[in-house]
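Okay, so here's the structure we're looking at.
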Amino acid sequence: MATINTTCKLHFENMPDEINTMKDIEEYFKQFKKDYKEKAKEAKAAEKAAKAEKPKRKKGVDKDGNPKEKRAPSAYNIFVKEKYVEIKESNPEMDKTEIFSEIARLWRVQKEGQEAKEEIKLEEEVPSGDEKSKKKRGRKAKTEVVAEEASN
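Note that my numbering has the sequence shown beginning at 2, numbered continuously upward.
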């Protein structure tokens with residue numbers, strides 16, 4: 002719907018010629034405002050009715066109405082679920098924020114332990130010798146090795 006200013010301007014451009022006095026113009030304007038408000042109410046009611054006809058989407062349902070498949074929980078989610086119960090039972094006086102900070106600390110420790118194990122495995126797998134170790138290096142390391150060889 003157009004704004005009231007543009008509608009009013011158009012309405013006054015199409016004003017009948019027999020309106021000459023200020024009183025007639027004021028009455029004409031009052032009638033215009035009254036009609037405009039009624040049209041705005043009708044438009045709002047029609048919009049509300051159209052919106053009510055549309056069914057609201059539920060959270061666990063896609064656009065077609067089929068149930069959505071949930072994602073599998075991540076390793077962190079599973080870890081939190083297990084550790085929350087353990088920590089809550091062993092420390093009932095702890096509040097939620099303290100429990101979650103403790104879980105986060107445990108997760109970091111576990112993660113660092115796993116990374117250390119992976120590094121040890123990689124060191125064992127990498128064969129000794131200059132040629133074979135150059136192949137395992139990344140692009141940046143290769144350019145540094147080439148620059149060192151060129152300077153020698």
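The beta-carbon is built from N, C-alpha and C at its ideal position, and this holds for glycine as well. It should be emphasised that the depicted structure is a prediction, and the values quoted were computed from it without experimental measurement.
beta-carbon residue i near the ligand MN non-hydrogen atom, thresh 7 Å
i, result
"Glu-94", "Of the ligands one can find in the structure shown there are none, so the ligand MN has no counterpart to examine."
Proximity of residue i and residue j at Cβ, strictly below 8 Å
i, j, result
"Tyr-29", "Met-16", "yes"
"Asp-63", "Lys-69", "yes"
"Ile-79", "Lys-89", "no"
Status (buried if at least 16 other CB within 10 Å, exposed otherwise) for residue i
i, result
"Ile-26", "exposed"
"Trp-104", "The residue asked about is misnamed: residue 104 is Ile in this sequence, not Trp. Ile-104 is buried by the Cβ-count criterion."
Sequence-distant residues of the same chain with beta carbon closer than 7 Å to residue i, five excluded per side
i, result
"Val-81", "Ile-104"
"Lys-84", "Ile-104, Leu-107"
Three-way DSSP call (helix, strand, coil) for residue i in this model
i, result
"Thr-4", "coil"
"Glu-94", "coil"
Same chain, Cβ closer than 8 Å to residue i, five either side skipped, listed in chain order
i, result
"Pro-74", "Lys-82"
"Glu-124", "none"
Other residues of its chain near residue i: CB distance less than 6 Å, five sequence neighbours each side excluded
i, result
"Glu-54", "none"
Exercise. For the region 6–87, which segments carrying the alpha helix (DSSP H) assignment without a break, of at least 4 residues, lie completely within its bounds, in sequence order?
Worked result: Within the region 6–87, the runs of alpha helix (DSSP H) at least 4 residues long that lie entirely inside it are, in chain order, 23–54.
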